[in-house]
Amino acid sequence: MNTGVDTMDTRPTTAPPEGASHDVARRLLQASPPLDSQTSITWDTTAPDDAWYCVPERLPLFGTPLWQRMNDKQRRETSRRELASMMGLALWSELLLMETFARHLTRRDPKDPRTQYALTEISEEARHSAMFSKLLDRLDCPDYRPPAALHRAAACFLPSRDDLTFATPLIFEEVLDRFQREAARDDRVHPLVRQVCQIHVAEEARHITFARSAMRDAVRRTSPARLAVQRQRMGVRAMAATRLLVNTHVYRDMGLDPRAARSQVRANPHFRETLLWSGAKVVPFLTDIGMITSTERHWWRHAGLLQ
Ligand SMILES: [Fe+2]
Ligand SMILES: [Fe+2]
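My numbering applies: residue 294 is where the sequence shown begins, and numbers increase by one.
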């Protein structure tokens, strides 16, 4: 399998404005202006001591022997650190998305509404990143983000030549969206976390709509040979993405044996169910447009996103 960097095509992409993604971008550009998290979130919101920071049933350790041995306070503390890990991952993936989109857009026609919408999306992701940074500051946990070296490697291996650029961000966005939508609705979750999730979910809905239409058009325009390579790469990235949802540094800092915690998470039927649930929107979509076929299903099974 070839997982090397894409062959660089330095010609500007001046594809004719055919395809639904052109109209979708035009419509989204006229959508309501984004919310300002600096002013629309009550950052000094307090919560009762028994607030959760994530939906407890979605935590990787939920229901494991280690979880059963924890008292209530330890479980809530685990949820605070797991949220810091997830927000760190969200921030990391948004920085990656901005970097990849920026490279992609250097080859695009600036007059094309898809280019203009992608630029709008970059500006929204920049504000989301600032919002996640501020929430991380409030959570006051260690920095649980994936290492910077992994970010650099991921950036090198992401395609930026065509609209298949949207594939990997779409996996992150759709999976995180599932967790955040649920947390936003759950009144056991800290109200500050719920406010952040509500703002993010509202704006991500537009990003997901755009990425889906761009991907659908890109698949139609891409040669079968290139699609076959990109499908394999996307499967590998899906596997890497879900691995990042489990952060052993959280367990170490909770005083648990990280290896035992990881193996209990892997064997945890609740977490297997959670992973399948998290992929329940994006996997059928990618299958429908032909980005997951029988040849790549094993990657998606390893990712836990497919049974
Ligand atoms: Fe975002
Ligand atoms: Fe987004």
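Each residue gets a CB set at the ideal place from its N, CA and C atoms; glycine is no exception.
| Asked | Found |
| --- | --- |
| Collapsed DSSP secondary structure at Arg438 in the structure displayed | coil |
| Helix, strand or coil at Met584 according to DSSP, with G and I counted as helix | coil |
| Beta-carbon separation (whole angstroms), Ala313 vs Arg509, contact threshold 8 Å | 7 Å |
| At least three beta-carbon pairs within less than 8 Å, the stretch 431-442 to the stretch 372-389 | yes |
| CB contact below 8 Å: Thr502 versus chain D | Here chain D cannot be found, since the structure has a single protein chain. |
| Local Cβ density within 10 Å of Gly572, reported as buried at 16 or more and exposed below that | buried |
| Range of the contiguous alpha helix (DSSP H) that encloses Ile334 | No alpha helix (DSSP H) contains Ile334, which DSSP labels as neither H nor E. |
| His563 Cβ short of 7 Å to ligand 2 heavy atom set | no |
| Length of the line joining the Cα atoms of Asp470 and Leu359 | 27 Å |
| CA-to-CA distance, Asp337 to His236, given in whole angstroms | The first residue shown for the chain is 294 and the last is 600, placing residue 236 beyond what the model contains. |
| C-alpha distance - His444 paired with Leu463, whole-angstrom precision | 17 Å |
| Candidates Leu568, Glu414, Phe564, His563, of which the one nearest Ala531 by Cα | Leu568 |
| Residue interval of the alpha helix (DSSP H) (run including Lys427) | 406-432 |
| Heavy atoms of ligand 2 versus C-beta positions, residues under 6 Å | Glu418, Glu466, Glu497, His500 |
| Supposed close pair Met379, Leu429 - CB separation, criterion 8 Å | Met379 to Leu429, Cβ: 10 Å. No contact. |
| Extent of the continuous alpha helix (DSSP H) to which Lys366 belongs | 365-398 |
| Contact test: Glu392 Cβ vs ligand 1 heavy atom, cutoff 7 Å | no |
| Three-state secondary structure assigned by DSSP to Arg454 | coil |
| Close-in-space but distant-in-sequence residues of the same chain around Leu485 (CB under 8 Å, 5 per side omitted) | Ile334, Thr335, Trp336, Thr338, Ala340, Leu428, Arg431 |
| Strand pairing of Trp345, partner residues [DSSP] | Val482 |
| Sequence-distant residues of the same chain with beta carbon closer than 8 Å to Glu392, five excluded per side | Ala448 |
| Cβ-based neighbour list, Gln491, same chain, cut-off 8 Å, excluding 5 preceding and 5 following | Ala477 |
| Residue burial classification, Asp405 (beta-carbon count within 10 angstroms, cutoff 16) | buried |
| Any non-hydrogen atom of ligand 1 within 7 Å of Glu387 CB | yes |
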